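FYI, in full-length UniProt numbering the residues of the sequence shown are 1 to 89.
One structure below.
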Amino acid sequence: ECQKVGAPPEVSAKLTAMAQELEARQRTALVGLGAATEPELDQFMEAYHEMLVKFREELTRPLQEAMEFMRRVESQLNSLSISGRSLRN
């Protein structure tokens with residue numbers, strides 16, 4: 001997910017598709033191996049996954065906030081330029 005930060009939409013979509021394909025292959029490989037149940041490893045991996053998800057959220061939050069700020073600024077500039085045009089006419 002970190003590779004998608006700041007990437008164009010088409011690159012982001014391609015990365016998502018590749019990640020989904022990799023996950024599907026990994027699941028198939030685990031099923032084929034008859035994945036032995038190791039509760040401690042499963043618990044560790046779940047906790048690690050949750051930590052990575054939170055880390056990703058923390059990394060993307062400033063970018064999302066900056067994007068929202070820029071949208072508001074753009075909107076305000078657009079409204080100023082529209083009202084400026086009507087005053088000149």
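No residue lacks a Cβ here, since even glycine has one placed at the ideal position from N, Cα and C.
Keep in mind that this is a model prediction, so the values were computed, not measured.
Using the three-state DSSP reduction, which class does residue i fall into: helix, strand or coil?
i	result
Val5	coil
Thr37	coil
Roughly how many angstroms separate the alpha carbons of residue i and residue j, rounded to a whole number?
i	j	result
Lys14	Ala7	10 Å
Asp42	Tyr48	10 Å
Asn78	Ala29	53 Å
Ser81	Arg25	53 Å
Glu40	Glu50	15 Å
Glu65	Glu57	12 Å
Glu10	Ser83	36 Å
Arg72	Glu38	50 Å
Phe69	Arg61	12 Å
Glu23	Glu74	39 Å
Ala17	Leu63	22 Å
Met67	Lys54	20 Å
How many whole angstroms separate the CB atoms of residue i and residue j, which I take to be in contact at a CB cut-off of 8 Å?
i	j	result
Leu59	Val5	7 Å
Does any heavy atom of the ligand ADP sit closer than 7 Å to the C-beta of residue i?
i	result
Leu77	Looking for the ligand ADP in the displayed structure turns up nothing, as the structure carries no ligands at all.
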